[in-house]
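Heads up, the thing below is written out as structure tokens.
2 protein chains.
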Amino acid sequence: MRIVQKFGGTSVGSLERIRSTADIVQGELLRGNEVAVVVSAMSGETNRLISLAKEVSDAPAERELDAMVATGEQVSAALLAIELQKRGISAYSFNGAQAGFKTDGKYVRARIRGVEADHLTERMKAFEVPVVTGFQGVDDSGNITTLGRGGSDTSAVALAIAVQADVCDIYTDVDGVYTTDPRIVAKASKIDQISYEEMLEFASLGAKVLQTRSVELAMRYQMPIHLRSSFDLVAGTMVSKEDEAMERAEISGVAYNRDEAKITIVGIPDHPGIAATVFGPVAEAGINVDVIVQNVSEDGQTDLTFTVPRSDYRKTMEIMSKLRDSLHARDLKGDDSVAKVSVIGVGMRSHAGVAQKMFRVLADERVNIQMITTSEIKVTVVVDEKYVELAVRALHSAFGLDRVEQSR
Amino acid sequence: MRIVQKFGGTSVGSLERIRSTADIVQGELLRGNEVAVVVSAMSGETNRLISLAKEVSDAPAERELDAMVATGEQVSAALLAIELQKRGISAYSFNGAQAGFKTDGKYVRARIRGVEADHLTERMKAFEVPVVTGFQGVDDSGNITTLGRGGSDTSAVALAIAVQADVCDIYTDVDGVYTTDPRIVAKASKIDQISYEEMLEFASLGAKVLQTRSVELAMRYQMPIHLRSSFDLVAGTMVSKEDEAMERAEISGVAYNRDEAKITIVGIPDHPGIAATVFGPVAEAGINVDVIVQNVSEDGQTDLTFTVPRSDYRKTMEIMSKLRDSLHARDLKGDDSVAKVSVIGVGMRSHAGVAQKMFRVLADERVNIQMITTSEIKVTVVVDEKYVELAVRALHSAFGLDRVEQSR
Numbered sequence: 008m009r010i011v012q013k014f015g016g017t018s019v020g021s022l023e024r025i026r027s028t029a030d031i032v033q034g035e036l037l038r039g040n041e042v043a044v045v046v047s048a049m050s051g052e053t054n055r056l057i058s059l060a061k062e063v064s065d066a067p068a069e070r071e072l073d074a075m076v077a078t079g080e081q082v083s084a085a086l087l088a089i090e091l092q093k094r095g096i097s098a099y100s101f102n103g104a105q106a107g108f109k110t111d112g113k114y115v116r117a118r119i120r121g122v123e124a125d126h127l128t129e130r131m132k133a134f135e136v137p138v139v140t141g142f143q144g145v146d147d148s149g150n151i152t153t154l155g156r157g158g159s160d161t162s163a164v165a166l167a168i169a170v171q172a173d174v175c176d177i178y179t180d181v182d183g184v185y186t187t188d189p190r191i192v193a194k195a196s197k198i199d200q201i202s203y204e205e206m207l208e209f210a211s212l213g214a215k216v217l218q219t220r221s222v223e224l225a226m227r228y229q230m231p232i233h234l235r236s237s238f239d240l241v242a243g244t245m246v247s248k249e250d251e252a253m254e255r256a257e258i259s260g261v262a263y264n265r266d267e268a269k270i271t272i273v274g275i276p277d278h279p280g281i282a283a284t285v286f287g288p289v290a291e292a293g294i295n296v297d298v299i300v301q302n303v304s305e306d307g308q309t310d311l312t313f314t315v316p317r318s319d320y321r322k323t324m325e326i327m328s329k330l331r332d333s334l335h336a337r338d339l340k341g342d343d344s345v346a347k348v349s350v351i352g353v354g355m356r357s358h359a360g361v362a363q364k365m366f367r368v369l370a371d372e373r374v375n376i377q378m379i380t381t382s383e384i385k386v387t388v389v390v391d392e393k394y395v396e397l398a399v400r401a402l403h404s405a406f407g408l409d410r411v412e413q414s415r
Numbered sequence: 008m009r010i011v012q013k014f015g016g017t018s019v020g021s022l023e024r025i026r027s028t029a030d031i032v033q034g035e036l037l038r039g040n041e042v043a044v045v046v047s048a049m050s051g052e053t054n055r056l057i058s059l060a061k062e063v064s065d066a067p068a069e070r071e072l073d074a075m076v077a078t079g080e081q082v083s084a085a086l087l088a089i090e091l092q093k094r095g096i097s098a099y100s101f102n103g104a105q106a107g108f109k110t111d112g113k114y115v116r117a118r119i120r121g122v123e124a125d126h127l128t129e130r131m132k133a134f135e136v137p138v139v140t141g142f143q144g145v146d147d148s149g150n151i152t153t154l155g156r157g158g159s160d161t162s163a164v165a166l167a168i169a170v171q172a173d174v175c176d177i178y179t180d181v182d183g184v185y186t187t188d189p190r191i192v193a194k195a196s197k198i199d200q201i202s203y204e205e206m207l208e209f210a211s212l213g214a215k216v217l218q219t220r221s222v223e224l225a226m227r228y229q230m231p232i233h234l235r236s237s238f239d240l241v242a243g244t245m246v247s248k249e250d251e252a253m254e255r256a257e258i259s260g261v262a263y264n265r266d267e268a269k270i271t272i273v274g275i276p277d278h279p280g281i282a283a284t285v286f287g288p289v290a291e292a293g294i295n296v297d298v299i300v301q302n303v304s305e306d307g308q309t310d311l312t313f314t315v316p317r318s319d320y321r322k323t324m325e326i327m328s329k330l331r332d333s334l335h336a337r338d339l340k341g342d343d344s345v346a347k348v349s350v351i352g353v354g355m356r357s358h359a360g361v362a363q364k365m366f367r368v369l370a371d372e373r374v375n376i377q378m379i380t381t382s383e384i385k386v387t388v389v390v391d392e393k394y395v396e397l398a399v400r401a402l403h404s405a406f407g408l409d410r411v412e413q414s415r
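Chains as they are written, first to last, in the numbering used here: chain A, 8 to 415; chain B, 8 to 415.
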């Protein structure tokens with residue numbers, strides 16, 4: 008089997024962890040597998056380098072920031088290669104340019120255009136281990152670029168695709184994706200297999216085990232991702248294309264996100280272009296609007312409610328206050344103590360009534376639903392933050408996700 | 008004028024020093040000059056990275072060491088570029104690969120084969136400032152190599168040659184080359200102009216202001232080096248080809264080196280190949296033999312005396328002790344408290360009697376000469392270390408080098 012393994016900053020953050028990481032690489036080689044490794048910078052190093060640049064200038068040029076920050080992975084890749092060589096393994100570090108990562112020219116947030124990694128494939132076939140820097144590449148002119156925070160997951164998936172790996176193993180400090188947050192529901196259980204689509208919904212809801220871009224890329228090329236723990240080498244969660252043959256549960260999991268604030272503009276004229284007028288300035292301020300609900304029009308007037316990340320609440324309210332007059336809005340309301348709760352599952356496509364069941368369960372628990380939004384494989388409600396635990400537990404149980412073998 | 012400026016680790020070692028360094032760059036631009044900059048790693052950074060690698064392995068692979076260590080200059084180059092940009096200067100960092108430094112494949116001690124820097128020349132013509140990492144390059148396969156300690160001087164000269172600069176300004180913490188060590192002779196004076204050949208003799212004698220390789224390279228391409236202080240922007244010492252028209256003093260300076268040890272093998276058979284037998288094992292141990300003197304043969308036997316760096320004295324004596332029997336040597340003597348004193352000057356070629364004058368001066372001071380060696384532009388004696396100051400002062404004065412305008 009050909010495997011690309013990805014290790015994050017904590018896995019190369021100390022000499023002890025570098026040794027444990029090398030153990031894992033060595034283990035796969037001993038099982039006869041071909042291995043390439045993608046590493047992040049040692050934990051803390053990226054921030055240290057950025058601080059250094061910011062000491063020189065409040066607004067350091069992004070080209071130079073990337074050139075600096077990219078050194079972090081170059082160091083950790085070389086250190087891991089040294090540790091592997093000590094064990095008699097032919098390991099060699101490669102930075103973004105050397106590994107053939109070609110990106111667009113958008114510094115700090117570059118996108119991978121392709122990976123020219125035939126030379127690495129050849130090495131893997133000879134059981135040499137390329138240790139590749141994650142998070143970076145070069146543009147057409149050879150300038151160093153970085154992919155933005157968490158980009159190493161995407162690097163690993165892109166490399167796996169380029170070397171035609173069978174699987175991309177992403178090692179983290181958790182052993183997989185759970186049906187919900189085990190801190191809230193003790194009976195949460197690990198999901199053995201999840202589809203790309205479901206994983207995307209989990210990730211976008213704040214279960215930040217995998218960078219969204221990496222899942223999108225894996226989905227496009229049907230590259231299986233094995234999300235697993237570097238501390239416990241049991242099987243984790245396999246993220247792959249939906250297995251049609253499999254009997255699916257109605258939903259795969261219950262996700263939530265407390266980092267939400269809700270804003271309502273009451274009584275604005277319901278004419279074409281009103282949404283653009285409202286959300287234009289918000290987007291310009293770099294604020295990500297999430298759920299949007301527009302109520303039915305009445306007397307040519309409508310109410311518009313949307314959520315933003317809680318940290319952007321104050322800024323968004325300021326923007327809306329300024330807009331209020333020009334919009335001739337009757338009122339402006341805000342609430343920064345709301346949360347999102349979602350049920351997710353590809354099974355939903357074939358199971359009617361998931362939404363209805365969700366509303367019934369929440370009603371039984373007297374949880375008031377403030378907003379509703381649905382997608383093909385997800386139903387989301389916005390509720391008062393104080394109901395989060397109650398709602399998640401009730402839904403987890405009602406949809407049959409509680410583990411049975413273990414009592415509380 | 009087109010200038011390549013080189014700044015060492017202390018010049019980029021703190022934010023304050025980075026600002027001072029940027030002042031110097033900016034100054035040249037304001038005078039209408041085209042500038043490229045070569046920088047070392049922030050002081051201490053290279054050692055920090057090497058220690059990190061050594062913690063992982065006692066014998067880290069040199070390829071990986073180079074990949075790690077090269078990041079040091081990448082960070083300092085980016086930081087200086089950021090500082091320059093803050094001042095409205097179009098500055099861009101380039102690592103060894105980006106700047107076109109092609110080297111052989113000898114990690115840790117690579118030699119520059121060529122610099123493909125036409126893209127940097129174009130930028131300089133547009134008054135953009137390339138800030139280039141010193142000390143590094145890539146081999147034919149794109150592997151990162153480093154030039155070994157002090158290699159940044161050589162990088163700067165190589166870049167100056169490649170971009171057809173008028174001069175290579177090397178900034179240090181001294182303002183030039185002196186007729187001798189001012190700590191020993193208060194009347195030592197700065198040399199305004201010195202030939203490459205003289206500079207090489209000074210450098211090889213431990214006046215480590217400029218790396219020998221960089222002077223050799225500059226000599227081959229007739230690139231003038233301006234050795235100057237980053238603290239005091241007056242003219243320093245210009246290292247360039249000998250000015251034939253100039254009336255030359257007999258000698259340009261008096262140099263010394265305390266880091267010497269002397270070893271004598273007494274009474275060995277004087278037959279062909281004896282030198283190879285003696286120095287083979289020493290060279291294999293990586294020890295640099297410096298002065299070698301073989302006495303006239305008598306009864307088919309000879310004495311061989313040579314010097315080595317003092318830190319290699321013990322090791323060399325061990326090697327010699329083992330050789331002694333197989334060489335049938337009568338005796339083996341060692342002295343690790345000797346020093347070299349040299350008078351240097353291209354003028355010597357046309358002035359007979361420099362050696363004779365030197366011996367007379369030392370005899371007058373009752374300094375016993377233990378060994379003598381001469382080259383075209385240098386006469387060197389080995390003396391007891393305790394006579395160093397006395398000998399240097401007497402020679403500096405006798406050869407007319409004492410500054411006259413200033414009394415002690």
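Cβ atoms here follow ideal geometry from the backbone N, Cα and C, with glycine treated the same way.
When you compare each of B:Gly15, B:Gly354 and B:Leu397 to Glu204 (chain B) by their alpha carbons, which one comes out closest?
As a first step, residue 204 (chain B) must be located in the second sequence, where it is residue number 197. The shortest Cα separation from Glu204 (chain B) among B:Gly15, B:Gly354 and B:Leu397 belongs to B:Gly354.
Provide the residue(s) that pair with Gly103 (chain B) in DSSP beta bridges, ordered along the chain.
The sequence position of residue 103 (chain B) within the second sequence is 96, counting from 1. DSSP, once it has assigned bridges, lists no residue as partnering Gly103 (chain B).
Is the separation between the beta-carbon of Gly16 (chain B) and that of Ala43 (chain B) shorter than 8 Å?
Locating residue 16 (chain B) in the second sequence gives position 9, where the first residue counts as 1. Locating residue 43 (chain B) in the second sequence gives position 36, where the first residue counts as 1. Their beta carbons are not under 8 Å apart, which means Gly16 (chain B) does not touch Ala43 (chain B) by this criterion.
If contact means a Cβ-Cβ distance below 8 Å, which residues of the region 90-119 of chain A contact chain B?
Along the region 90-119 of chain A, the positions whose C-beta sits under 8 Å from a C-beta of chain B are Glu90, Gln92, Lys93, Tyr99, Ser100, Asn102, Ala104 and Gln105, read in chain order.
Beta-carbon proximity check, Gly39 (chain B) vs Leu56 (chain B), cutoff 8 Å
Locating residue 39 (chain B) in the second sequence gives position 32, counting from the first residue. Locating residue 56 (chain B) in the second sequence gives position 49, counting from the first residue. No, the pair does not count as a contact, with Cβ atoms beyond the cut-off.
Less than 8 Å between the CB atoms is what I'm expecting for Val181 (chain A) and Ser236 (chain A), so what's the real figure, rounded?
Mapped onto the first sequence, residue 181 (chain A) falls at position 174. Mapped onto the first sequence, residue 236 (chain A) falls at position 229. In this structure Val181 (chain A) is in contact with Ser236 (chain A), their Cβ atoms being roughly 6 Å apart against a cut-off of 8 Å.
Note down, one range per segment and in chain order, each beta strand (DSSP E) of at least 3 residues found wholly within the region 143-208 of chain B.
Entirely contained in the region 143-208 of chain B, the beta strand (DSSP E) runs reaching 3 residues are, in chain order, 143-145, 151-153, 174-179 and 200-202.
Are there 16 or more other CB atoms within 10 angstroms of the CB of Arg190 (chain B), so buried, or fewer, so exposed?
The residue you call residue 190 (chain B) lines up with position 183 of the second sequence. Exposed.
Determine the closest residue to His186 (chain A) out of A:Val170, A:Ala210 and A:Ala165, with distance taken between C-alpha atoms.
One-based indexing of the first sequence puts residue 186 (chain A) at position 179. Note that residue 186 (chain A) corresponds to Thr in the displayed sequence, not to His. In terms of Cα proximity to Thr186 (chain A), the closest of A:Val170, A:Ala210 and A:Ala165 is A:Ala210.
Report the rounded CA-to-CA distance for Met131 (chain B) versus Lys197 (chain B), giving the unit in angstroms.
As a position in the second sequence, residue 131 (chain B) is number 124, starting the count at 1. As a position in the second sequence, residue 197 (chain B) is number 190, starting the count at 1. Their Cα atoms are separated by approximately 32 Å.
Shorter than 8 Å from the beta carbon of Gly149 (chain B) to some beta carbon of chain A?
On the second sequence, position 142 is the one that residue 149 (chain B) refers to. For Gly149 (chain B), the closest Cβ of chain A is nearer than 8 Å.
Interface residues of the region 61-74 of chain A facing chain B [CB-CB below 7 Å]:
Cβ contacts with chain B: Glu62, Val63, Ser64, Pro67, Ala68, Arg70, Glu71 and Ala74.
Would you list the residues sitting across from Thr381 (chain B) in a DSSP beta bridge?
Here residue 381 (chain B) corresponds to residue number 374 of the second sequence, with the count starting at 1. For Thr381 (chain B), DSSP records a beta bridge to B:Val386.
Using a C-beta to C-beta distance shorter than 9 Å, which residues of chain B count as neighbours of Arg25 (chain A)?
As a position in the first sequence, residue 25 (chain A) is number 18, starting the count at 1. It should be noted that the sequence gives Ile, not Arg, for residue 25 (chain A). When 9 Å is used as the limit between beta carbons, Ile25 (chain A) is near these residues of chain B: Val63, in chain order.
Please check if any C-beta of chain B sits within less than 8 Å of the C-beta of Thr153 (chain A).
Working through the first sequence from its first residue, we reach residue 153 (chain A) at position 146. So, not an interface residue.
Supposed close pair Thr128 (chain B), Val170 (chain B) - CB separation, criterion 8 Å
Taking the first residue of the second sequence as position 1, residue 128 (chain B) is located at position 121. Taking the first residue of the second sequence as position 1, residue 170 (chain B) is located at position 163. The Cβ separation is near 5 Å, so the contact holds.
For Lys61 (chain B) and Ile96 (chain B), I'd like the C-alpha separation in whole angstroms.
Along the second sequence, read from residue 1 onward, the residue named residue 61 (chain B) stands at position 54. Along the second sequence, read from residue 1 onward, the residue named residue 96 (chain B) stands at position 89. When rounded, the distance between both Cα atoms is 39 Å.
For a contact defined as C-beta to C-beta under 7 Å, what are the partners of Leu22 (chain A) on chain B?
Here the question's residue 22 (chain A) lines up with position 15 in the first sequence. Result: Glu62 and Val63.
Going by DSSP, what residue range makes up the beta strand (DSSP E) through Gly121 (chain B)?
As a working mapping, residue 121 (chain B) is identified with position 114 in the second sequence. For Gly121 (chain B), the enclosing beta strand (DSSP E) starts and ends at Ile119 to Val122.
I'd like to know whether the C-beta of Val82 (chain A) is nearer than 8 Å to at least one C-beta of chain C.
Checking the listed chains, one finds no chain C in this structure; the protein chains it contains are A and B.
Within 8 Å, do at least three Cβ pairs link the region 237-249 of chain A to the region 27-34 of chain A?
Touching, per the Cβ criterion.
Counting only runs of 3+ residues fully inside the region 274-306 of chain B, write out the beta strand (DSSP E) ranges in chain order.
If we require 3 residues or more, the beta strand (DSSP E) runs fully inside the region 274-306 of chain B come out as 299-301.
What are the boundary residues of the beta strand (DSSP E) that includes Thr244 (chain B)?
Start at 1 with the first residue of the second sequence, and residue 244 (chain B) comes out as number 237. From DSSP, the beta strand (DSSP E) with Thr244 (chain B) extends over Thr244 to Ser247.
Determine which residues share a DSSP beta bridge with Asn264 (chain B) and list them.
The count along the second sequence starts at 1 and reaches residue 264 (chain B) at position 257. B:Lys347, per the DSSP bridge assignment.
Using a C-beta cutoff of 8 Å, does Thr78 (chain A) count as contacting chain B?
Numbered from its first residue, the first sequence carries residue 78 (chain A) at position 71. By this cut-off, Thr78 (chain A) is an interface position.
Whole-angstrom distance between Gly274 (chain B) and Ala336 (chain B), CA atom to CA atom
For the purposes of this step, residue 336 (chain B) is taken as the residue at position 329 of the second sequence. For the purposes of this step, residue 274 (chain B) is taken as the residue at position 267 of the second sequence. So the alpha carbons of these two residues sit roughly 5 Å apart.
For Tyr394 (chain A), collect the residues of the same chain with a Cβ closer than 7 Å to its Cβ; drop the 5 residues on either side in sequence, then sort them by chain order.
For the purposes of this step, residue 394 (chain A) is identified with residue 387 of the first sequence, where counting begins at 1. Sequence-distant partners of Tyr394 (chain A) (beyond 5 residues in either direction) whose C-beta falls short of 7 Å from its own C-beta, in its chain, are Val374.
Count the other CB atoms within 10 Å of the CB of Gly121 (chain B); is the residue buried (16 or more) or exposed (fewer)?
If you number the second sequence from 1, residue 121 (chain B) lands on position 114. By the 10 Å Cβ count, Gly121 (chain B) comes out exposed.
Residues of the region 27-60 of chain A with Cβ closer than 8 Å to any Cβ of chain B, in chain order:
Within the region 27-60 of chain A, the residues whose Cβ lies closer than 8 Å to some Cβ of chain B are Leu56, Leu59 and Ala60, listed in chain order.
Suppose contacts are defined by Cβ-Cβ distances below 8 Å. Is Arg227 (chain A) in contact with Thr161 (chain A) by that definition?
Start at 1 with the first residue of the first sequence, and residue 227 (chain A) comes out as number 220. Start at 1 with the first residue of the first sequence, and residue 161 (chain A) comes out as number 154. No.
Inter-residue spacing [alpha-carbon to alpha-carbon] between His403 (chain B) and Arg94 (chain B)
Position 396 of the second sequence, counted from the first residue, corresponds to residue 403 (chain B). Position 87 of the second sequence, counted from the first residue, corresponds to residue 94 (chain B). If I take the Cα positions, the gap works out to 47 Å.
Just to confirm my understanding: we take Ile299 (chain B), look at its own chain, exclude 5 residues before and 5 after, and list those with CB closer than 6 Å. What are they?
Here the question's residue 299 (chain B) lines up with position 292 in the second sequence. Taken in chain order, the residues that qualify are Phe313.
Residue from A:Tyr178, A:Asn54, A:Ser202 and A:Glu291 with nearest C-alpha to Ser247 (chain A)
Residue mapping note: residue 247 (chain A) aligns to position 240 of the first sequence, counting from 1. Distance from the Cα of Ser247 (chain A) is smallest, within the candidate group A:Tyr178, A:Asn54, A:Ser202 and A:Glu291, for A:Ser202.
Assigned exposure category for His233 (chain A) - 16 Cβ within 10 Å defines buried
Residue mapping note: residue 233 (chain A) aligns to position 226 of the first sequence, counting from 1. His233 (chain A) is classed as buried because its beta carbon has at least 16 other beta carbons within 10 Å across all chains shown.
Helix, strand or coil: which one does DSSP assign to Asp332 (chain A)?
Against the first sequence, residue 332 (chain A) aligns to sequence position 325. Helix, per DSSP.
Report the rounded CA-to-CA distance for Ser159 (chain B) versus Tyr263 (chain A), giving the unit in angstroms.
Taking the second sequence and counting its residues from 1, the one referred to as residue 159 (chain B) is at position 152. Taking the first sequence and counting its residues from 1, the one referred to as residue 263 (chain A) is at position 256. Counting only the Cα atoms, Tyr263 (chain A) lies some 55 Å from Ser159 (chain B).
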